[in-house]
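Protein chains: 2
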Amino acid sequence: MSYKSTIKDVAFDAGVSIKTVSRVINNEPAVAKATKTLVLKSIKKLQFKPNKDAQGLRSKKSFLIGLLYDNPNKYYLSDVQSGSLKACSETNYNLVLQECKNNSANLITKVINFINLANLNGVILTPPLSDNNKLIQAIETLRIPISFIAPPNKSFEIWSSATDSDAAYALTNKIIAMGHSNIAIIKGHKDHSASKLRYQGFCKSLEEHGIKLNPTNELQGNFSFESGYKLADQVLKKKNRPTAIFCSNDSMAAGVIKYCYQKGISIPDQLSVTGFDDSMIAQEIWPSISTVRQPVEKMAEHAAKSLIAKIGGDDSKQNLTKTFKSELILRESLGKAPS
Amino acid sequence: MSYKSTIKDVAFDAGVSIKTVSRVINNEPAVAKATKTLVLKSIKKLQFKPNKDAQGLRSKKSFLIGLLYDNPNKYYLSDVQSGSLKACSETNYNLVLQECKNNSANLITKVINFINLANLNGVILTPPLSDNNKLIQAIETLRIPISFIAPPNKSFEIWSSATDSDAAYALTNKIIAMGHSNIAIIKGHKDHSASKLRYQGFCKSLEEHGIKLNPTNELQGNFSFESGYKLADQVLKKKNRPTAIFCSNDSMAAGVIKYCYQKGISIPDQLSVTGFDDSMIAQEIWPSISTVRQPVEKMAEHAAKSLIAKIGGDDSKQNLTKTFKSELILRESLGKAPS
DNA sequence: CTGAAAGCGCTTACAG
DNA sequence: CTGAAAGCGCTTACAG
Chain C
813 MSYKSTIKDV
823 AFDAGVSIKT
833 VSRVINNEPA
843 VAKATKTLVL
853 KSIKKLQFKP
863 NKDAQGLRSK
873 KSFLIGLLYD
883 NPNKYYLSDV
893 QSGSLKACSE
903 TNYNLVLQEC
913 KNNSANLITK
923 VINFINLANL
933 NGVILTPPLS
943 DNNKLIQAIE
953 TLRIPISFIA
963 PPNKSFEIWS
973 SATDSDAAYA
983 LTNKIIAMGH
993 SNIAIIKGHK
1003 DHSASKLRYQ
1013 GFCKSLEEHG
1023 IKLNPTNELQ
1033 GNFSFESGYK
1043 LADQVLKKKN
1053 RPTAIFCSND
1063 SMAAGVIKYC
1073 YQKGISIPDQ
1083 LSVTGFDDSM
1093 IAQEIWPSIS
1103 TVRQPVEKMA
1113 EHAAKSLIAK
1123 IGGDDSKQNL
1133 TKTFKSELIL
1143 RESLGKAPS
Chain W
813 MSYKSTIKDV
823 AFDAGVSIKT
833 VSRVINNEPA
843 VAKATKTLVL
853 KSIKKLQFKP
863 NKDAQGLRSK
873 KSFLIGLLYD
883 NPNKYYLSDV
893 QSGSLKACSE
903 TNYNLVLQEC
913 KNNSANLITK
923 VINFINLANL
933 NGVILTPPLS
943 DNNKLIQAIE
953 TLRIPISFIA
963 PPNKSFEIWS
973 SATDSDAAYA
983 LTNKIIAMGH
993 SNIAIIKGHK
1003 DHSASKLRYQ
1013 GFCKSLEEHG
1023 IKLNPTNELQ
1033 GNFSFESGYK
1043 LADQVLKKKN
1053 RPTAIFCSND
1063 SMAAGVIKYC
1073 YQKGISIPDQ
1083 LSVTGFDDSM
1093 IAQEIWPSIS
1103 TVRQPVEKMA
1113 EHAAKSLIAK
1123 IGGDDSKQNL
1133 TKTFKSELIL
1143 RESLGKAPS
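Rendered as structure tokens:
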């Protein structure tokens, strides 16, 4: 590897002290303009990059933020990552990953150890970890900022949120507009706050249209393909079976679709199905799934950016909380109610 | 945050010098057993974790390895990550991610800058980056080890490889055993060496069975759903259309399946389709796709483990190269040839 | 088998 | 607006 220049080299080249170079690196105000220009020139000339370990050792900062997740959906994760990475690449910070099992007994120990060992300066929490109060409290004792990818919560300082309830409401309105009134819902995993919000939006739409939700049309899924398949079997065997099923994510919708193929139920002619998340399968399956797309990558970018701003103490220009609008994606799986 | 103990605290508690503690931390051999026990006890008692920045600053190591990828497939990426993370979590190392565009003009500059800035001690390269010779050469000038997730290559010291050719061969044998002889292939993205290997395995099987590949049955895809759909249109419109299509990945197989639905071609009765990768869609689509599963997570774990061993100079006990067997997954999309 | 000293490349705390 | 000194928590290089 080519020789790496240090702060000393720059100081010598610019004819100033290392402290002045340090001031320039850290954008401290008390530097004469001419001096700054001089130093900047030397930095460029010598291709100087501050050594992070040295900076970290002295200043107690690691310039590392953690992304904690319980692999909810690989597409979701990938988008969260891309967004976080994008925010990091504009700064000095790096992203470190940790997969966690939300329900494992040693979750908290493991997370705390990880944060301490890697000396993380802040963490991003994704669902369902962002709904796990015990975990949150444990991390808070470490006195590092937490950025939540989660519904708005006024007891949190930093969050990036989607509009799950509103989107579910809008999608359900669409279903009803197609003439459906006997509508079932397959709810999402109980540990995810998004499940509840999607359910609420769904119910709100029904209520406003004067449609009563039949209790046998309310099904508890867990976001898995298998749960969608199994619950389809349960609800479609009923005498007065629904003409539309609102699935709380795309995998469960895919499960319903598979069941229908096997039983010869034609989609959307005999049954309409909707999903949520706009994961890849929603596009690649046939019939393609009507669903909701959330700007996950943008949300994650905001989450990382806010976290870094907070760590740097420079959070004046950055809104630490933001809600991101969702988009309805209408595809083949939603059609008119059979007459 | 609770007080963090340092090497000094441990030394004082154990009644030895900090150098001896350092020896214990780093598993250096020249320590008396009794001393070691004593120190280990103090370490545990004080919950001492060595400060990485200090270690890094002095030893010039960052304990950071990079995972470079050109988001080929989100599922693939997620598995690679999980495996790498697993290997890291057993060590002092952390994983840092970087998404790269294999075809972007400034790829090399970007990667080199990233490695230097983050002070990475080694990198893992995934396809198609692991097939990009210019990039590889540029990284080599940095004198850090590279771990390849790629086909065996004797000019590389560290690699983790799948058996793309063998698996494609076995899958094609299976197709032929079902009575097919008019078989088309949709090839993968040209920049991926796996595409060529899968094609080779396919051809080898055909040859051994005395089947000649009709040139119009050889189609150039790019791993995308859209390319599968488009090429299905091209090849299935032919007069003497194939009874089976070997798709070089699952997304392209999904594209073929969608086309068939729309044209009323029944799978597998009128057409058999196979995929590659066993991505989630292979399971969740209907008909589910016969495909090849590669132990991507295990491969990535090996890749990271080998890289870390190499960095630590302790690569004696670790095989730096390994080939991982694939598994045939037979599902609904492959059936007997129509008579 | 063990330790005292020096120093990695920065930032902190202080002085002027 | 600028700098000299000290020190972060380790490992290196050396000595015994």
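Sequences listed follow chains C and W, in order.
Per our numbering, residue 813 is the first one in the first sequence, and the count goes up by one each step.
Per our numbering, residue 813 is the first one in the second sequence, and the count goes up by one each step.
Positions of the beta carbon are idealized from the N, C-alpha and C atoms, including for glycine.
Please check the pair residue 991 (chain W) and residue 1148 (chain W), which I expect to be a contact at CB under 8 Å, by giving their CB distance rounded to whole angstroms.
Numbered from its first residue, the second sequence carries residue 991 (chain W) at position 179. Numbered from its first residue, the second sequence carries residue 1148 (chain W) at position 336. 5 Å between Cβ atoms; contact.
Mind checking the segment 961 to 978 of chain C against chain W and listing, in chain order, the residues whose C-beta falls within less than 7 Å of any C-beta there?
Per Cβ criterion, the list is empty.
Are there 16 or more other CB atoms within 10 angstroms of the CB of residue 1150 (chain W), so buried, or fewer, so exposed?
As a working note, residue 1150 (chain W) is residue 338 in the second sequence. Counting the other CB atoms within 10 Å of its CB gives residue 1150 (chain W) a total below 16, which places it among the exposed residues.
Quick one: using the 10 Å Cβ neighbour count with 16 as the cut-off for buried, is residue 955 (chain C) buried or exposed?
If you number the first sequence from 1, residue 955 (chain C) lands on position 143. Counting C-beta atoms within 10 angstroms of its own C-beta, residue 955 (chain C) has fewer than 16 neighbours from the protein chains shown and is therefore classed as exposed.
Count Cβ pairs between the segment 853 to 862 of chain C and the segment 821 to 839 of chain C that sit closer than 8 Å; are there 3 or more?
The answer is yes - the segment 821 to 839 of chain C touches the segment 853 to 862 of chain C, with three or more Cβ pairs under 8 Å.
With a threshold of 8 Å between beta-carbons, can residue 894 (chain W) be considered close to chain C, or not?
Taking the first residue of the second sequence as 1, we reach residue 894 (chain W) at position 82. Closer than 8 Å: yes.
Determine contact between the segment 1085 to 1100 of chain C and the segment 1045 to 1061 of chain W, defined as no fewer than three beta-carbon pairs at a distance below 8 Å.
Counting Cβ pairs under 8 Å, fewer than three are found: no touch.
Kindly say whether residue 881 (chain C), judged by its beta-carbon, lies nearer than 8 Å to any beta-carbon of chain W.
For the purposes of this step, residue 881 (chain C) is identified with residue 69 of the first sequence, where counting begins at 1. It does not: the Cβ of residue 881 (chain C) has no partner Cβ on chain W nearer than 8 Å.
Considering only DSSP beta bridges, list what residue 910 (chain C) is partnered with.
Here residue 910 (chain C) corresponds to residue number 98 of the first sequence, with the count starting at 1. DSSP output for residue 910 (chain C) lists C:880 as bridge partner(s).
Ignore the nearest five residues each way along the sequence and tell me which others in residue 1054 (chain C)'s own chain have a CB closer than 7 Å to its CB.
As a working note, residue 1054 (chain C) is residue 242 in the first sequence. Contacts found: 994, 995, 996, 1029, 1047.
Based on DSSP bridge pairs, tell me the residues matched to residue 1139 (chain W).
Indexing the second sequence from 1 puts residue 1139 (chain W) at position 327. Within the DSSP bridge table, the entry for residue 1139 (chain W) names W:1105 as partners.
Under a Cβ-count criterion, where at least 16 other Cβ atoms within 10 Å of its own Cβ denotes burial, should residue 931 (chain W) be classed as buried or exposed?
Here residue 931 (chain W) refers to the residue found at position 119 when the second sequence is read from its first residue. Label assigned to residue 931 (chain W): buried.
Sufficient close CB pairs (3 or more, under 8 Å) joining the segment 898 to 917 of chain W to the segment 897 to 914 of chain C
Touching, yes.
Buried or exposed: which applies to residue 891 (chain W), given that a residue is buried once 16 or more other Cβ atoms fall within 10 Å of its Cβ?
Within the second sequence, numbered from 1, the residue matching residue 891 (chain W) stands at position 79. Label assigned to residue 891 (chain W): buried.
For residue 1034 (chain C), the nearest candidate out of C:1024, C:1003, C:1044, C:935 (CA to CA):
Residue 1034 (chain C) sits at position 222 when you count from the first residue of the first sequence. From the listed residues C:1024, C:1003, C:1044, C:935, the smallest Cα separation to residue 1034 (chain C) is found for C:1003.
Listed by chain order, chain C residues near residue 924 (chain W) by CB distance under 8 Å
Taking the second sequence and counting its residues from 1, one reaches residue 924 (chain W) at position 112. Identification of chain C residues near residue 924 (chain W) by a Cβ-Cβ cut-off of 8 Å yields none; the smallest Cβ-Cβ distance measures about 10 Å.
Step through the CB atoms of chain W and report whether any lies within less than 8 Å of the CB of residue 1033 (chain C).
In the first sequence, counting from the first residue as 1, residue 1033 (chain C) sits at position 221. For residue 1033 (chain C), the answer is no, since every Cβ of chain W falls outside 8 Å of its Cβ.
Would you kindly report the start and end of the unbroken beta strand (DSSP E) that includes residue 1152 (chain C)?
The displayed coordinates of chain C run from 813 to 1151. Any statement about residue 1152 (chain C) would go beyond what the structure contains.
How many Å lie between residue 927 (chain C) and residue 841 (chain W) at the Cα?
Looking up residue 927 (chain C) in the first sequence gives position 115. Looking up residue 841 (chain W) in the second sequence gives position 29. Looking at the two C-alpha atoms, the distance is approximately 30 Å.
Contiguous beta strand (DSSP E) assignments of at least 3 residues, all confined to the segment 1011 to 1083 of chain W:
As far as the segment 1011 to 1083 of chain W is concerned, its whole beta strand (DSSP E) runs of at least 3 residues are 1030 to 1032, 1056 to 1059.
In this structure, does DSSP put residue 973 (chain C) in helix, strand or coil?
Indexing the first sequence from 1 puts residue 973 (chain C) at position 161. Of the three classes helix, strand and coil, the one that applies to residue 973 (chain C) here is strand, per DSSP.
Would you give the residue range spanned by the alpha helix (DSSP H) that residue 831 (chain C) belongs to?
Against the first sequence, residue 831 (chain C) aligns to sequence position 19. If you look at residue 831 (chain C), you'll find it in the alpha helix (DSSP H) that goes 830 to 837.
Please confirm if the segment 1004 to 1012 of chain C is in contact with the segment 1132 to 1141 of chain C, defined as three or more CB-CB distances below 8 Å between the two stretches.
A contact between stretches requires three or more CB pairs, one per stretch, nearer than 8 Å, and the segment 1004 to 1012 of chain C fails this requirement with the segment 1132 to 1141 of chain C.
Using 8 Å as the Cβ pair cut-off and three pairs as the minimum, do the segment 856 to 874 of chain C and the segment 1069 to 1083 of chain C touch?
The segment 856 to 874 of chain C and the segment 1069 to 1083 of chain C do not touch, with fewer than 3 CB-CB distances between them shorter than 8 Å.
Nearest-angstrom Cα distance between residue 1012 (chain W) and residue 981 (chain W)?
On the second sequence, residue 1012 (chain W) is found 200 positions in, with the first residue counted as 1. On the second sequence, residue 981 (chain W) is found 169 positions in, with the first residue counted as 1. Cα-Cα distance, rounded: 8 Å.
Distance check for residue 1146 (chain W) and residue 939 (chain C), CA to CA, integer angstroms please.
Start at 1 with the first residue of the first sequence, and residue 939 (chain C) comes out as number 127. Start at 1 with the first residue of the second sequence, and residue 1146 (chain W) comes out as number 334. Cα-Cα distance, rounded: 38 Å.
Residue 961 (chain C) bridges to which residues according to DSSP?
Counted from its first residue, the first sequence places residue 961 (chain C) at position 149. Answer by DSSP bridge pairing, in chain order: C:972.
Taking Cβ positions, are residue 1068 (chain W) and residue 1044 (chain W) nearer each other than 8 Å?
One-based indexing of the second sequence puts residue 1068 (chain W) at position 256. One-based indexing of the second sequence puts residue 1044 (chain W) at position 232. Contact flag set, yes.
For residue 813 (chain W), I'd like the list of residues in its chain whose CB is within less than 8 Å of its CB, leaving aside the five on either flank, ordered along the chain.
Taking the first residue of the second sequence as position 1, residue 813 (chain W) is located at position 1. Summary for residue 813 (chain W): the model assigns pLDDT 42, below 50, so the residue's position carries little reliability, and this model does not support an answer.
Nearest neighbour of residue 1122 (chain W), chosen from W:1107, W:1010, W:969 [CA to CA]
Start at 1 with the first residue of the second sequence, and residue 1122 (chain W) comes out as number 310. Among W:1107, W:1010, W:969, the Cα nearest to that of residue 1122 (chain W) is on W:969.
Give every residue of the same chain whose Cβ lies closer than 7 Å to the Cβ of residue 1079 (chain W), excluding the five residues on either side of it in the sequence, and list them in chain order.
The residue labelled residue 1079 (chain W) in the question sits at position 267 within the second sequence. Annotation for residue 1079 (chain W): 1069, 1072, 1085, 1099, 1145 place their beta carbon closer than 7 Å to its own, counting only its chain and skipping 5 residues before and after.
Under 7 Å Cβ to Cβ from residue 897 (chain W), same chain only, skipping five residues before and after it: list those, please.
The residue you call residue 897 (chain W) lines up with position 85 of the second sequence. The beta carbon of residue 897 (chain W) is closer than 7 Å to those of 907 in its chain, skipping five residues each way along the sequence.
Mind checking residue 959 (chain C): buried by the 16 CB within 10 Å criterion, or exposed?
Mapped onto the first sequence, residue 959 (chain C) falls at position 147. The residue in question, residue 959 (chain C), is buried, as its Cβ has 16 or more Cβ neighbours within 10 Å.
Verify the CB distance criterion: does residue 818 (chain C) have a CB-CB separation below 8 Å to chain W?
The count along the first sequence starts at 1 and reaches residue 818 (chain C) at position 6. Not one chain W Cβ lies under 8 Å of residue 818 (chain C).
In terms of residues, what are the limits of the alpha helix (DSSP H) holding residue 1094 (chain W)?
Indexing the second sequence from 1 puts residue 1094 (chain W) at position 282. That run of the alpha helix (DSSP H) goes 1092 to 1096.
Name the two residues that bound the continuous beta strand (DSSP E) containing residue 948 (chain C).
As a working mapping, residue 948 (chain C) is identified with position 136 in the first sequence. Segment 945 to 952 is the alpha helix (DSSP H) holding residue 948 (chain C); no beta strand (DSSP E) there.
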